[in-house]
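Student: These protein sequence lines map, in sequence, to chains A and B. The numbering used here numbers the first residue of the first sequence as 1 and each following residue consecutively. The numbering used here numbers the first residue of the second sequence as 662 and each following residue consecutively. Don't be surprised by glycine CBs; every beta carbon is placed ideally from N, CA and C. These numbers come from a predicted model, not from an experiment. Let me begin by handing over the structure; questions about it come next.
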Amino acid sequence: MARGLTREQIGITPAMLQTFGEVVFDLSHNHQTRHGDPIRLQDWAEVERQREDMGLSDAQIGAKLGLTRDQVLFIRTVEERRRFRTGHYQRLLELGGGKRFRPEKFTPHLDRFRYGEAALLLRAALAFDPQRARHFVAQGWWGDDTLPGWLARHAKERPDAPALIQGESIITWRALHARSERLAGALSAAGIAKGDVVAVQLPNIAEFVIAFLAICRLGAVLSTLHMPYRKSEVESLLRHNRATAAICLSSAKDWNPAASFLELRASLPDLKTVIALGAHVDGALSLAELIDTGTPPDALEAPAPVAADPFLLLYTSGTTAAPKAALHNYHTMLSNARLSAPEHKVTSADRLLSAAPFSHLFGLYCLHVAFHTGAASVLLPVFTPPDMAATIARDAPTALWTGPAHIAACRALGLFDKFDLSSLKIAIMSGAACPPELVRWFAERLPGCAITQLWGMTETQAALYTRPGDSLEIAAGTAGRVSPGTEARIASPEGEVLTAGTEGELQVRGCPLFPGYFNNEAANQDAFAADGWFRSGDLAVMDAAGNVAITGRIKDVINRGGIKFNPRDIEDLLDAHPQLLQSAIVPMPDPVLGERACAFVTLRPGVTETPTLQALCDYLTGRGVSKQRLPEHLMIVADMPLTPTRKIIKARLQLLLPAPT
Amino acid sequence: MPLPVIDPVQAKQTIFEYCKKKGALAVGVADLAAIERIAPPGHRPSDLMPRVKSVISVGVGGQTAGVWSLPAKAMAYFGSTETRAYAVAYGAAFFIESKFGVPSIYCPPDMDPDGGPRVPLQSLKLHAELAGIGARSLAGDILLHPEFGYMYFASIFTELELPPDAPMAENPCPAPSCVDMYRKIGQTPCMKFCPVQCLSGEIDDAGKQKVMRYDMAKCAEMSQQYESVPAMLMEAMAAETTAQREDALFDPDNKMLWYKVSAGSGGWFAQCFECMRACPIATQAPASDPIRRTHLLRQVKADKA
């Protein structure tokens with residue numbers, strides 16, 4: 001309507017709007033041009049000559065174009081509306097106080113960054129119970145921790161202190177900050193943006209750490225790929241996480257990762273960028289060059305992440321049809337390290353060595369504790385028993401993140417006698433069931449070192465651990481008590497919470513717990529109890545003091561003719577057998593009893609005489625194992641299939657079982 | 662009873678003293694015939710007040726030096742002092758009627774309800790320019806004064822005949838520093854730093870304005886956000902999902918607009934002030950700082966005493 005009249009009353013048609021819209025707009029005061037200063041000078045001829053340039057009234061335009069004033073008014077306001085763009089006021093939000101508008105540096109707000117579809121899916125998966133989240137914040141467990149924030153703090157407070165140590169090569173906090181900033185800028189220039197997933201397959205080297213921090217600086221999400229993974233596993237995971245970039249080695253012992261990633265771009269539309277460390281690979285960017293030549297990102301264009309941002313996407317198992325990826329933000333992940341560092345008595349004066357790969361939660365946990373405290377990280381690129389022992393002797397770490405298999409392997413090779421490991425003040429063993437006998441032996445060999453156990457999962461992080469100062473009985477026989485911010489309970493298969501001393505499923509909840517598997521609703525259905533507690537799948541017993549002994553896996557329970565038993569204690573006994581290095585007992589299908597126990601074993605180095613099933617049964621019987629729990633089949637294998645944290649993959653052993661008769 | 666004889670010169674001085682006492686920085690009388698000649702039909706003083714004899718223009722405002730360093734979003738609120746001009750003009754209209762017994766009006770400053778948006782009832786800027794208290798600048802014809810810098814204006818129409826003032830003899834825009842900048846980069850500060858790049862123009866060899874170009878439509882996108890409200894509603898109606906509809910109506914930016922419509926003020930129709938923030942005349946004129954300029958008011962009192 002114009003002046004109370006409708007367009008029909010005025011006689012406005014779409015054709016009229018189209019015909020006269022532009023000329024009416026241009027003749028109106030919306031576009032004004034003045035030559036000289038005619039009004040002030042009262043140069044009437046010039047005033048008249050410039051009337052049109054300075055903007056005509058609607059009536060004047062009407063007279064000029066042969067339209068009524070009302071028609072002009074209508075056309076003008078429609079044209080103004082059509083051209084009007086909202087949001088210009090937003091430009092003012094960054095001006096003033098010394099800052100002025102510069103067109104070349106300005107991006108209209110609607111054209112500014114927006115999360116991609118994949119990034120929004122990730123963010124949507126970060127759903128927490130609001131009451132629990134509020135509790136975590138009230139307790140101070142969730143705060144503003146981010147890795148870029150921690151790194152900046154150390155670069156400022158202890159710039160010249162070592163952050164990464166690998167023999168002669170030392171990178172200070174200042175240098176680490178500078179390199180990660182440069183790489184972040186280079187990654188940004190390569191198109192990697194906030195919320196993007198970046199897959200990294202690198203060993204425990206400085207470039208992994210720098211890449212990790214650079215990815216975090218951009219607010220991108222790191223998804224680690226275990227080093228043993230090859231093309232088919234990688235493709236499955238990258239299809240699931242929709243990574244836009246991959247950082248890997250140019251070449252490895254038995255394959256060419258960079259070339260393989262480049263080939264995968266054909267089948268993975270999200271994968272755009274491949275960055276390789278090592279020799280030049282056509283089509284891939286050079287990680288070393290990016291670190292050396294990148295320009296730190298602009299704080300306005302690439303704001304640092306906040307604690308609620310997604311941060312890590314870690315695969316727990318399953319590289320085929322339904323990968324299980326645990327998604328963490330900084331809240332969940334870093335609260336665990338911040339709250340636990342004092343429990344481990346780690347300070348900025350310490351040096352931390354992880355034998356576990358950084359591609360795994362346990363290795364990352366070690367890094368995070370170092371990043372929180374300002375301790376140095378001693379780097380062991382790839383675990384081998386001699387390399388670990390030599391690294392300890394050379395770089396003198398004070399804290400060791402390790403697995404029972406690591407220590408067992410060192411013991412088997414006599415490395416404790418060959419290397420000086422006395423720098424260690426604490427060892428944290430995790431990743432697999434820890435034989436008590438191994439803990440006792442380790443404690444005897446390093447009397448100045450607190451041997452502790454830790455139980456955790458990618459989903460729960462470090463949920464339980466023994467503390468320095470705990471008795472050897474606790475340290476050897478249990479996985480310890482809950483970490484700050486974590487709660488644990490033992491539940492029956494029916495969901496009933498069990499009392500102390502009763503075996504059941506270990507369930508946990510707390511501020512470090514992940515919100516759920518990304519894009520795997522079926523897994524989430526199974527993973528959580530009705531009241532939100534995470535079902536670990538581990539069997540455990542909790543004592544009155546809250547110490548939890550892990551007794552096995554629910555899936556490992558053998559059902560022999562209706563009699564169910566957990567073979568974990570039998571495996572511990574076999575692991576201590578003088579001829580055996582490792583053992584695993586798995587259920588073997590049986591047409592009569594349903595299942596029988598089959599023992600898989602590997603032999604210690606130098607053992608030539610192969611033990612018989614009968615000999616092992618005699619050994620076990622002599623140590624109180626009842627007849628119905630004895631293994632009924634023996635398979636001697638050269639190597640155990642191991643996870644990256646050297647946990648035996650029993651599912652793969654089951655594939656080796658003989659067919660039922 | 663015969664009406665008292667009014668001395669136009671004395672009356673003008675009395676009115677000026679009143680306005681300055683009430684806070685006007687500058688007062689002038691515009692040549693009515695010139696306004697009537699320049700203003701388009703429907704927007705002439707006689708269209709509003711048929712027996713008008715004089716148009717008085719008052720200028721107030723300016724900013725403390727500190728205001729110009731405010732963040733722009735705060736400047737949008739603090740920058741506008743136009744209501745002070747209206748108050749002076751409103752009081753002056755009453756003063757003229759009570760003192761001289763002559764009908765007077767405070768000229769409405771707002772949009773012409775009959776003319777649609779972006780069309781004022783009267784051009785207060787034209788009144789002020791012809792009254793000699795401001796000259797058109799390269800910044801979209803915003804008026805500048807060499808002593809008071811950037812002001813807001815209001816007008817009083819009266820049937821009292823007052824001798825008109827002449828327009829300013831010199832235009833302070835462009836300032837010498839702006840000419841220097843133009844010679845180097847082809848832009849003055851107001852052109853360069855306009856957030857919507859709505860200003861352009863040329864300066865001649867003598868350092869005077871040659872051409873001023875002003876894209877008012879672009880400027881309005883920044884400073885006259887009333888168009889945003891129907892745009893927001895259109896967006897809400899066109900939304901395909903509930904979430905999009907909620908965003909269209911309730912996202913933080915749009916909620917601010919509702920606030921401005923309902924309870925807020927200032928930013929809704931506020932200029933962005935960036936052209937004036939960059940203007941040396943607006944920010945550095947001798948008496949553009951109200952604290953420094955109070956001596957003028959004191960001087961008026963002293964002169965009167």
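Below 8 Å, can you find three or more Cβ-Cβ pairs linking the segment 816-829 of chain B to the segment 689-700 of chain B?
Tutor: Contact between the segment 816-829 of chain B and the segment 689-700 of chain B is present, because at least three Cβ pairs lie under 8 Å.
Student: Which of the residues in the segment 767-785 of chain B, read from start to end, lie with their CB under 8 Å from any CB of chain A?
Tutor: From the segment 767-785 of chain B, only D775, G776, G777, P778, R779 and V780 have a Cβ closer than 8 Å to chain A.
Student: Going along the chain, which residues of the segment 88-101 of chain A sit with their C-beta nearer than 9 Å to a C-beta in chain B?
Tutor: Cβ contacts with chain B: H88, Y89, Q90, R91, L92, L93, E94, L95, G96, G97, G98, K99, R100 and F101.
Student: Is the segment 465-476 of chain A touching the segment 667-684 of chain B, taking contact as three or more C-beta pairs under 8 Å?
Tutor: Contact fails: fewer than three Cβ-Cβ distances are below 8 Å.
Student: Under 7 Å Cβ to Cβ from A259 of chain A, same chain only, skipping five residues before and after it: list those, please.
Tutor: Correct list, in chain order: V281.
Student: Got a sec: is the Cβ-Cβ distance from E473 of chain A to anything in chain B below 8 Å?
Tutor: No, E473 of chain A does not count as interfacial toward chain B.
Student: Ends of the alpha helix (DSSP H) at H372 of chain A?
Tutor: Unbroken alpha helix (DSSP H) run through H372 of chain A: L361 to T373.
Student: At a Cβ threshold of 8 Å, is M937 of chain B touching chain A?
Tutor: For M937 of chain B, the answer is no, since every Cβ of chain A falls outside 8 Å of its Cβ.
Student: Might you give, ordered along the chain, the residues of its own chain that have their beta carbon closer than 6 Å to the beta carbon of E896 of chain B, omitting 5 neighbours on each side?
Tutor: Counting only Cβ-Cβ distances below 6 Å, and skipping sequence neighbours, we find A909.
Student: Pick helix, strand or coil for H806 of chain B, following the three-state DSSP scheme.
Tutor: H806 of chain B falls in the strand class under three-state DSSP.
Student: What does Y813 of chain B pair with, by DSSP beta-bridge criteria?
Tutor: B:V721.
Student: Do Q579 of chain A and L603 of chain A have their CB atoms nearer than 8 Å?
Tutor: Taking 8 Å as the Cβ cut-off, Q579 of chain A and L603 of chain A qualify as a contacting pair.
Student: Does any C-beta atom of chain A lie closer than 8 Å to the C-beta of R906 of chain B?
Tutor: Judged by the 8 Å Cβ criterion, R906 of chain B is not in contact with chain A.
Student: So, at 8 Å on beta carbons, what are the nonlocal neighbours of C410 of chain A in its own chain, with the 5 sequence-adjacent residues on each side left out?
Tutor: These residues qualify, in order along the chain: P385, M388, A389 and F416.
Student: Can you tell me where the alpha helix (DSSP H) holding H331 of chain A begins and where it ends?
Tutor: Unbroken alpha helix (DSSP H) run through H331 of chain A: Y330 to S340.
Student: Within this structure, are the beta carbons of C851 of chain B and L805 of chain B separated by less than 8 Å?
Tutor: Going by C-beta atoms, C851 of chain B is not nearer than 8 Å to L805 of chain B.
Student: Out of B:E820, B:Y738 and B:G740, point me to the one whose CA is closest to K673 of chain B's CA.
Tutor: Checked all of B:E820, B:Y738 and B:G740; the closest Cα to K673 of chain B is B:E820.
Student: Could you work out which residue in B:M877, B:S861, B:D876 and B:Q886 is closest to Q870 of chain B when comparing CA atoms only?
Tutor: Taking only the C-alpha atoms, the option nearest Q870 of chain B is B:S861.
Student: Along the chain, where does the beta strand (DSSP E) that runs through Q507 of chain A open and close?
Tutor: First-last of the beta strand (DSSP E) with Q507 of chain A: G504 to G510.
Student: Would you say the segment 554-568 of chain A touches the segment 579-596 of chain A, given that touching needs at least three Cβ pairs under 8 Å?
Tutor: Flag = yes, the segment 554-568 of chain A and the segment 579-596 of chain A touch.
Student: Express the C-alpha separation of W255 of chain A and E632 of chain A in angstroms, rounding to a whole number.
Tutor: Each residue's alpha carbon lies about 40 Å from the other.
Student: Between I182 of chain A and P310 of chain A, how many whole angstroms is the CB-CB distance? I'm expecting something under 8 Å.
Tutor: Note on identity: in this sequence residue 182 of chain A is Arg, with Ile being the wrong assignment. 24 Å between Cβ atoms; not a contact.
Student: For H788 of chain B, which residues in chain A fall below 9 Å Cβ to Cβ?
Tutor: Result: empty, since nearest Cβ-Cβ is about 11 Å, beyond 9 Å.
Student: Along the chain, where does the beta strand (DSSP E) that runs through H177 of chain A open and close?
Tutor: Per DSSP, H177 of chain A belongs to no beta strand (DSSP E); it is in the alpha helix (DSSP H), W173 to A189.
Student: For chain B, find out if any of its Cβ atoms is closer than 8 Å to the Cβ of T146 of chain A; answer yes or no.
Tutor: By this cut-off, T146 of chain A is not an interface position.
Student: Closest to M736 of chain B by C-alpha separation, out of A:L92, A:L65 and A:A443, would be which residue?
Tutor: The shortest C-alpha separation from M736 of chain B is found at A:L92.
Student: For N559 of chain A, which three-state DSSP category applies?
Tutor: Three-state DSSP puts N559 of chain A in a strand.
Student: With a CB to CB cut of under 7 Å and the five nearest residues on each side skipped, what residues in its chain are close to V763 of chain B?
Tutor: Cβ within range, chain order: I757, T819, E820 and L821.
Student: Return the CA-CA distance between A307 of chain A and D145 of chain A, expressed in angstroms with no decimal places.
Tutor: Cα-Cα distance, rounded: 6 Å.
Student: Could you run through the segment 27-44 of chain A and flag, in chain order, every residue whose CB is less than 9 Å away from some CB of chain B?
Tutor: Residues S28, H29, N30, H31, Q32, T33, R34, H35, G36, D37, I39, R40, L41, Q42 and W44.
Student: V198 of chain A and A184 of chain A look like a contact to me (Cβ under 8 Å); what is the Cβ gap, rounded to whole Å?
Tutor: Their Cβ separation, rounded to whole angstroms, is 11 Å, which puts V198 of chain A and A184 of chain A out of contact at 8 Å.
Student: Classify A695 of chain B: buried if its beta carbon has 16 or more other beta carbons within 10 angstroms, exposed otherwise.
Tutor: That one is buried.
Student: Give me the residue from A:G55, A:V557, A:A491 and A:G87 with the minimum Cα distance to M917 of chain B.
Tutor: For the residues A:G55, A:V557, A:A491 and A:G87, the minimum Cα distance to M917 of chain B belongs to A:G87.
Student: Just to make sure I have the definition right: I need the residues of chain A whose C-beta is within less than 8 Å of the C-beta of P828 of chain B. Which are they?
Tutor: Those within 8 Å of P828 of chain B in chain A are I39, R40, L41 and Q42.
Student: In chain A, which residues lie less than 8 Å from K871 of chain B when you measure between Cβ atoms?
Tutor: Near K871 of chain B (Cβ distances below 8 Å), the residues of chain A are H35 and G36.
Student: Ignore the nearest five residues each way along the sequence and tell me which others in M873 of chain B's own chain have a CB closer than 6 Å to its CB.
Tutor: Taken in chain order, the residues that qualify are L799 and G862.
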